[in-house]
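Below is one structure, written out as structure tokens, with a few remarks after it.
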Amino acid sequence: MTSQTLFQLSRIGYLALLLLLSGWFIQQGLNGTYSLGFSLVWIVPLLFPLKGVLTGNPYTYAWASFILCLYLLHGLTLAYITTDALVFAVIESVLIGVLLVTFPFYARKRGRELGLGLKKKSEK
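Going by the numbering used here, the sequence shown opens with residue 395, and the numbers climb by one from there.
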């Protein structure tokens, strides 16, 4: 798979996740399940890597997976405890699972194309 394909897949998946979770948490805030402020706090961490994901910065793709783990925990917990939101929880978990695979692969592939990476210690 080329880095361009991984980039497009990751970017589309990230934007879909951002829209899905924003809609979900705002809807939960509006119908009174959570306060609207609490719902917005859930969306903020997902916005941190937005610029780097859209521009294709491999460094951002490398660390953004850590943020996605928080949302994977949310999706899996929701799938376990509720039947009302099971479809949402499964979609959220699968989408994040795809992103947790494509983000590091894109970061590695694009980083190598740009000559980025960890420097090796020189032997003395």
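For every residue, glycine included, the Cβ atom is placed at its ideal position computed from N, Cα and C.
{"Item": "Buried or exposed by the 16-neighbour rule on C-beta atoms within 10 Å, applied to Y453", "Value": "exposed"}
{"Item": "W457, buried or exposed, once every other Cβ within 10 Å from all chains shown has been counted against 16", "Value": "exposed"}
{"Item": "Inter-stretch contact (C-beta, 8 Å, three-pair minimum) for the region 432-439 and the region 483-501", "Value": "no"}
{"Item": "Sequence-distant residues of the same chain with beta carbon closer than 7 Å to A501, five excluded per side", "Value": "P452, Y455, A456"}
{"Item": "N- and C-terminal bounds of the alpha helix (DSSP H) containing L472", "Value": "452-475"}
{"Item": "Span of the alpha helix (DSSP H) around P439", "Value": "430-441"}
{"Item": "Straight-line gap, G469 to T427 (C-alpha atoms, nearest Å)", "Value": "17 Å"}
{"Item": "Proximal residues to L508 (C-beta, below 8 Å), its chain only, five neighbours per side dropped", "Value": "P452"}
{"Item": "C-beta contact flag for L493 and Y408 at 8 Å", "Value": "yes"}
{"Item": "Expected contact under 8 Å - CB spacing of K503 and L400 to nearest Å", "Value": "6 Å"}
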